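Numbering that gives the first Met the number 0 numbers the first residue of the sequence shown as 0 and each following residue consecutively.
Reviewing the structure listed below.
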Amino acid sequence: MRMERTMESNVQPVWKDIFRGYVQKCVIDPGAGQVVPKEAEVRLALSMYLTHDSHGFHQSISAGQLLYRHSVTEPLVKLVSNILPIGLQKAVLTMCSGEKAKIWIDPLLAYGSSTLVFSDDPSKAIPPNAALFYEVHLIRWEVNELQFCVDRCGKLRFSAMPQINEMLVQAEKDFTDGKEKSALHSLCKVISMLDRMKISMDKQDQERKKVIFAASVLASVCALKVGKYPQAITFGRRVLEINPMNVDATHVLARAYFALGYNKSARYFAQRLWCYDVGNKQYKHTYDKIRAHVALIEGESEGDDEEDVDDYEQLAKVITEKREEPAVQKKLIKDLDKLLNSDEFRGISEIEIKGGFPPTLLDFIETKLRKNNQFIVISKSSPTSLELTVL
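What follows is the structure, encoded as structure tokens:
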């Protein structure tokens, strides 16, 4: 059985009143440096408990039932002004970097007469009028002037953009170093600040949107990696609002919807992902995995003709979208050549392209294929399909 570990000391604890009898603190390790200012952002490792004794504070007060915990590796990161309950905020404002302390909070500065549930387990709840006991380690604090300005004033000026870009670069470094949670936290702050930035010129707005796009792409990937699937979907959809053909966000959406059990949405985005780059093995694997799962759940055959037609129609839609972009015609032909030469089509002498292709687009494909591949004979079986014979 795993035992819960709490802060221990051979020294008799000395509790001090730090706020009118409603908040008491016992310092275990004093830490060093300046006391936390009101505008600081803090990183806290903490454990929150109910108290054994419900009859008020006394010097031998101790921890009762553990309610939740933040570890040193996964700390609570917040502006002091946003910390709840208020009693904990009051206590943190008396601490220094590195300090460890036990804190007792009267119900009036905890959660009062309300009941607060922390998980699906109803036993892990704060009952009405409960005093709380904390073990807190202030890992470090820093003053984030930008975040403080946003919270205090509601807006940022465009002149803050260089500092925001620095935050984005640091988030990218954290992601590269495998610190996805830290990166996601920073990216959420970056996006929030940019959303509330005061813009006066189109050029400024373009720069702001460019950074929002980069931050949202990375945030969607980070959220997926740490298992925050709804957040991954939110950021992924935001990316597609700016660039509907972004493959990173499309990949994130396919996997996030799949993880949440939204099979139709998962298959839709996986299908689009594969259509964007038919030769990409990772995208094909994602699509095949989701398609097989959906077929199993819904009792369909993986080789269902309707699904094949749907694939062709989706591919036609994607190719149509691609054709509208002047720089992608070469990639379009490359993708088609890749598809025709892939293992799926190896040994097949006749291939029919059908479903959803406008006649003008078929003419375009036919012209390009004739020019680039002398071993293909093309004939039209209908106004909306092509038959390719591989010699």
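All residues carry an ideal CB built from backbone N, CA and C; glycine is no exception.
Just so it is clear, the structure is predicted and the values come from calculations on it, not from any experiment.
For TYR48, the secondary structure class from DSSP, reduced to helix, strand or coil, is strand. DSSP places GLU141 in the strand class (E or B) of the three-state scheme.
Taking C-beta atoms as the reference points, ALA231 and LEU223 count as a pair closer than 7 Å. Inclusion of THR249 and PHE234 in the CB contact set at 7 Å is not warranted, their separation being larger than that value. Within the same chain, Cβ atoms closer than 6 Å to the Cβ of VAL116 are found at ALA124, the five residues on either side in sequence being excluded. In the structure shown, SER219 falls within a helical segment according to DSSP collapsed to helix, strand and coil.
Per the C-alpha coordinates, the member of THR366, TRP103, VAL41 and TYR228 positioned closest to ALA62 is TRP103. By the beta-carbon neighbour count (other beta carbons within 10 angstroms, threshold 16), TYR67 is exposed.
Sequence-distant Cβ neighbours of ASP247 in its own chain, meaning closer than 8 Å and more than five residues away, are VAL216, SER219, VAL220 and VAL238.
Here the alpha carbon of LYS37 sits roughly 43 Å from the alpha carbon of PHE257. Cβ neighbours of VAL293 within its own chain (closer than 6 Å, five residues either side excluded): ASN262 and ARG266.
Taking all protein chains shown into account, PRO29 has fewer than 16 neighbouring C-beta atoms within 10 Å of its C-beta and is therefore exposed.
If you draw a straight line from the Cα of THR50 to the Cα of ARG271, it is about 54 Å long.
Excluding five sequence positions before and after THR93, the CB atoms of its chain that fall closer than 7 Å to its own CB belong to ILE17, LYS24 and VAL34, given in chain order. Each residue's CA atom was taken as its position, placing PRO161 and SER113 some 44 Å apart. Under DSSP, TYR67 shares a beta bridge with MET47. Contact annotation, PRO12 with ARG42: C-beta distance approximately 25 Å; criterion of less than 8 Å not satisfied. Sorting SER181, GLU179, CYS95 and VAL210 by C-alpha distance to the C-alpha of ASP194 places VAL210 at the top.
With the rule of 3 Cβ pairs closer than 8 Å, the region 161-173 counts as touching the region 186-201. Excluding its 5 nearest sequence neighbours in each direction, GLU171 has C-beta neighbours in its own chain below 8 Å: ALA182 and LEU217, listed in chain order. Between VAL142 and GLU98, the beta carbon gap of about 17 Å keeps them out of contact (Cβ cut-off 8 Å). Sixteen is the threshold: when 16 or more other Cβ atoms of the shown chains lie within 10 Å of the Cβ of ARG254, as they do, the residue is buried. Residue state for TRP14 is assigned as coil, using DSSP reduced to three classes. Shortest Cα-Cα distance from VAL91 to any of ASN128, ASP287, TYR48 and HIS136 involves HIS136. Under the DSSP assignment, ILE60 falls outside any beta strand (DSSP E); it carries neither an H nor an E label.
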